[in-house]
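Asker: Quick one: the structure is below, and I'll ask about it shortly.
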Amino acid sequence: MKLYKLSLTAAALAFAVAVNAQSTFKSSLPVKPGKGVTVAGTVECDGKPVAGVTVSDGYEVTKTDKKGAYYLKSKKQNPQVFITTPSGYEAVREDVMPQFWADFTMPADKYERLDFCLKKTDNKRHAVIFLADIHLANERNDVDIFSGPYVDRIKEEVSKLKAAGIPAYTINLGDGSWDLYWYAHQYSINDLRGTLNEADYPTAFFNVMGNHDNDGATPAGEGADFRASLPYQKTFGPRYYSHNIGDVHYVFLDNIDYINATLENPSYPGITGRRNYKENFTQEQLDWLRKDLAGVSYDTPVVVSMHCPLLRWKKNDGSAYRLKPEETSSRELLSILKPYKNVHTFSGHSHRQCIVRMPEEEQNLADHNISGACGSWWRTRATALKNLCPDGTPAGYELFTVDGSDLKWEHKAFEYPEDRQFYAWDMNGVKDYFANNREMRAFLKNYPKWTDYSDVPENYIYVNLWAWDPEGTLKITENGKELPVEIVTEENPLYTVSYMVRNTIWLNQVENKGYQKPRKFQLFRAKASTPDAPVDISWTDFFGNETKSTLDRPAPFTLEAL
3 MKLYKLSLTA AALAFAVAVN AQSTFKSSLP VKPGKGVTVA GTVECDGKPV
53 AGVTVSDGYE VTKTDKKGAY YLKSKKQNPQ VFITTPSGYE AVREDVMPQF
103 WADFTMPADK YERLDFCLKK TDNKRHAVIF LADIHLANER NDVDIFSGPY
153 VDRIKEEVSK LKAAGIPAYT INLGDGSWDL YWYAHQYSIN DLRGTLNEAD
203 YPTAFFNVMG NHDNDGATPA GEGADFRASL PYQKTFGPRY YSHNIGDVHY
253 VFLDNIDYIN ATLENPSYPG ITGRRNYKEN FTQEQLDWLR KDLAGVSYDT
303 PVVVSMHCPL LRWKKNDGSA YRLKPEETSS RELLSILKPY KNVHTFSGHS
353 HRQCIVRMPE EEQNLADHNI SGACGSWWRT RATALKNLCP DGTPAGYELF
403 TVDGSDLKWE HKAFEYPEDR QFYAWDMNGV KDYFANNREM RAFLKNYPKW
453 TDYSDVPENY IYVNLWAWDP EGTLKITENG KELPVEIVTE ENPLYTVSYM
503 VRNTIWLNQV ENKGYQKPRK FQLFRAKAST PDAPVDISWT DFFGNETKST
553 LDRPAPFTLE AL
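The numbering of the sequence shown is the numbering used here, which starts it at 3 and goes up by one.
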């Protein structure tokens, strides 16, 4: 791989001044670098050396010796060196970011010393809050909503975990910022870290790069992906790295190859290109991952975080899957992970909730795609409605709990009670709304490809499960009789009303070509025998947790009721 000079853009330099993210710890423990060593240092805890800690520059991987010292003959192709925290420890932190990396300050051929400090933590039992697509851009009151009620909800979650003696961590799956508005709205990737600190975010915050976390001011051309990532790396550290928390090995990858092809007439201040990208895994990451996993037992649960989902259902019934990023590098990643008996991948990007399980005879891997914390880019919330993703899932997070090698997960919505896991509609009420609401009729006239639910047959019940799992069970019962349930792929009527109508008719965007194609997602439906009998709905997830609700009918379709 060609080496790129580690020089920051003017924007990156401005961001760098505002944040001191890395380890600045200075140890008194001795190091004795040999010939060719360009970076060395120690890892210690309470003044004592910690042996066996993995240290890497993203290319070379080594471990600390019995004196806590490490030595690397690094070419400094990446801007930093980082440690993989061992089980039972955490990297010290002064703010929301753990100090597990340190930036190089000397030229590639010059020696420098960089040290790290750990603290002991009993984390065999622990929890991870997975967030995705926060998309803060200093618009639609997004910063205040996220740092206010949303962070408060996370604080409540962490307080309950803490009371149970369970340490909590956060993994953000990318797109914490929005590259288009870094300069126009004066909110960059560095501001995200500032927002977290100002909100007194309650856990250590680990991050992966999303496509919108790149610097759109970066000129296109060779090395654009690397150059565009420099402000991110200055704020949140390496693009790929790993940690051990309890008995789980956590890996963080960057599967965005940022291109930012030249745009002749940019429409936003500071942006020089189209902000386009490819989804793949670079060879340097995969080569590093092999080295990173070399000392990890095949019995160890492995959790891999990335921005773009690795897998997607070919159909919404869970019958077959396809690879989402570029196939060759995705296949290589699967090959590296195949020997491990319990692998979970987590991602964002799509603003939807989806779990894809590979067949056991093929590979023990489950891919979790997490709904966006911003919903549909904060737009439904901006019109005084609930924050809603395009598939109907409310803005939320995934709570991942670990006890040794026992892994469990559940979806939590920011704006709904914990025991709420689905929407249900009496489609007779939806029919009436679509037939008689004037704004809906105007929308359908201008967007005729979208489904007109005024034509749906009588007495159907529709259910939108927020976190459907093919290993779970949905039951719909009328007068004690279980109704046959089928999976359909259709527009979500709630999304049509709360997002599409308000972003077209309300804003007079009836000629917006980007809205012409309907957005279809998985829904469940059953045919009731009467228009007025109540219907009982029960969802039992993979772990046996049951959520129940009764839909009293006839039920009008109103946004307030949802």
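Note that CB positions come from ideal geometry on N, CA and C, so glycine has one too.
Where does H214 fall in DSSP's three states?
Answerer: helix
Asker: Run through the DSSP bridge pairs and tell me what D538 is partnered with.
Answerer: T479 and T552
Asker: In this structure, does DSSP put D227 in helix, strand or coil?
Answerer: helix
Asker: Are the beta-carbon atoms belonging to S215 and I191 less than 8 Å from one another?
Answerer: The displayed chain sequence assigns Asp, not Ser, to residue 215. Closer than 8 Å, so yes.
Asker: Keeping to the same chain, check which residues put their C-beta closer than 7 Å to that of V503; ignore five residues upstream and five downstream.
Answerer: E441, M442 and F445
Asker: Locate the alpha helix (DSSP H) running through V39, then write down its first and last residues.
Answerer: Premise fails: V39 is in no alpha helix (DSSP H) and is neither H nor E.
Asker: Compare the C-alpha of S231 against each of R127, Q82, A384 and R333 and name the closest.
Answerer: Comparing Cα-Cα distances from S231 to each of R127, Q82, A384 and R333, the minimum goes to Q82.
Asker: Name the DSSP beta bridge partners of P396, please?
Answerer: L390
Asker: Tell me the residue span of the alpha helix (DSSP H) that contains F238.
Answerer: Its alpha helix (DSSP H) spans residues L232 to F238.
Asker: From the DSSP secondary-structure annotation, give me the bridge partner or partners of N246.
Answerer: H251
Asker: Straight-line CA distance for Y270 to N505?
Answerer: 21 Å
Asker: Using 8 Å as the cut-off, can you tell me whether the segment 401-408 makes contact with the segment 123-142, which would need three or more C-beta pairs spanning the two stretches below that distance?
Answerer: These segments touch.
Asker: What are the boundary residues of the beta strand (DSSP E) that W103 is part of?
Answerer: W103 to D105
Asker: Let me check one thing: in DSSP terms, what residues is P51 bridge-paired to?
Answerer: BP columns for P51 point to E46.
Asker: Look up F17 in the DSSP assignment and say whether it is helix, strand or coil.
Answerer: Its pLDDT being 44, under 50, F17 is placed unreliably by the model, and nothing is read from it.
Asker: For a test of the three-state rule: what should DSSP assign to W427, helix, strand or coil?
Answerer: strand
Asker: Would you mind stating whether E562 and L525 have Cβ atoms separated by less than 8 Å?
Answerer: no
Asker: Below 8 Å on the Cβ atoms is my guess for A222 versus A186; work out the distance and round it to an integer in Å.
Answerer: About 20 Å separates the two Cβ atoms, so there is no contact after all.
Asker: By the DSSP assignment, the beta strand (DSSP E) with L295 in it spans what residues?
Answerer: From DSSP, L295 is part of no beta strand (DSSP E) but of the alpha helix (DSSP H) over Q285 to L295.
Asker: Report yes or no: do three or more beta-carbon pairs, one from the segment 246-256 and one from the segment 21-35, lie closer than 8 Å?
Answerer: no
Asker: Using beta-carbon positions only, say whether N181 and R276 come within less than 8 Å of one another.
Answerer: In the sequence under discussion, the amino acid at residue 181 is Asp, which differs from the Asn named in the question. No. Outside cutoff.
Asker: Check A12 in the structure and name its three-state DSSP category.
Answerer: Reliability of the predicted coordinates at A12 is poor, the pLDDT of 41 falling under 50, and the value obtained from them is presented with this limitation in mind. If DSSP states are grouped into helix, strand and coil, A12 belongs with the helices.
Asker: Name the residue from N371, A93 and Y113 whose alpha carbon lies nearest to the alpha carbon of K77.
Answerer: The shortest Cα separation from K77 among N371, A93 and Y113 belongs to Y113.
Asker: What are the partner residues of V145, as DSSP defines its beta bridges?
Answerer: For V145, DSSP assigns no beta-bridge partner whatsoever.
Asker: Give the straight-line distance between the Cα atoms of D534 and R555, rounded to the nearest whole angstrom.
Answerer: 5 Å
Asker: For my contact list, K519 and K433 are in at a C-beta cut-off of 8 Å; report their separation, rounded to the angstrom.
Answerer: Cβ atoms of K519 and K433 stay farther apart than 8 Å, at about 24 Å.
Asker: Taking C-alpha atoms, which residue in K529, T532 and Y501 lies nearest to Y517?
Answerer: Y501
Asker: Can you give the Cα-Cα distance for G90 and K121, rounded to whole angstroms?
Answerer: 9 Å
Asker: Beta-carbon separation of S373 and Q355 under 8 Å?
Answerer: yes
Asker: Given a cut-off of 8 Å, decide if N318 and V345 are closer than it, judged by their beta-carbon atoms.
Answerer: Contact: no.
Asker: For G482, is the classification buried or exposed, using 16 other Cβ atoms within 10 angstroms of its Cβ as the cut-off for buried?
Answerer: exposed
Asker: Short check: CB of L31 to CB of V98, under 8 Å?
Answerer: Result no, Cβ atoms of L31 and V98 do not sit closer than 8 Å.
Asker: Taking buried to mean at least 16 other C-beta atoms within 10 Å of its own C-beta, is P109 buried or exposed?
Answerer: exposed
Asker: Among S321, D428, K126 and P459, which one has its Cα closest to the Cα of A303?
Answerer: Per the sequence presented here, residue 303 reads as Pro, with Ala not at that position. Minimum Cα distance to P303 is reached at K126.
Asker: Could you work out which residue in D144, G150, A166 and A165 is closest to G178 when comparing CA atoms only?
Answerer: Just measuring C-alpha positions, the residue of D144, G150, A166 and A165 sitting nearest G178 is D144.
Asker: Within the same chain, show all residues whose beta-carbon is closer than 6 Å to that of F209, passing over the 5 residues directly before and after it, in chain order.
Answerer: According to the sequence provided, residue 209 is Asn. The question's Phe does not apply to it. When the five nearest sequence neighbours on each side are left out, the beta carbons in the same chain lying within less than 6 Å of the beta carbon of N209 are those of N174 and F238, in order along the chain.
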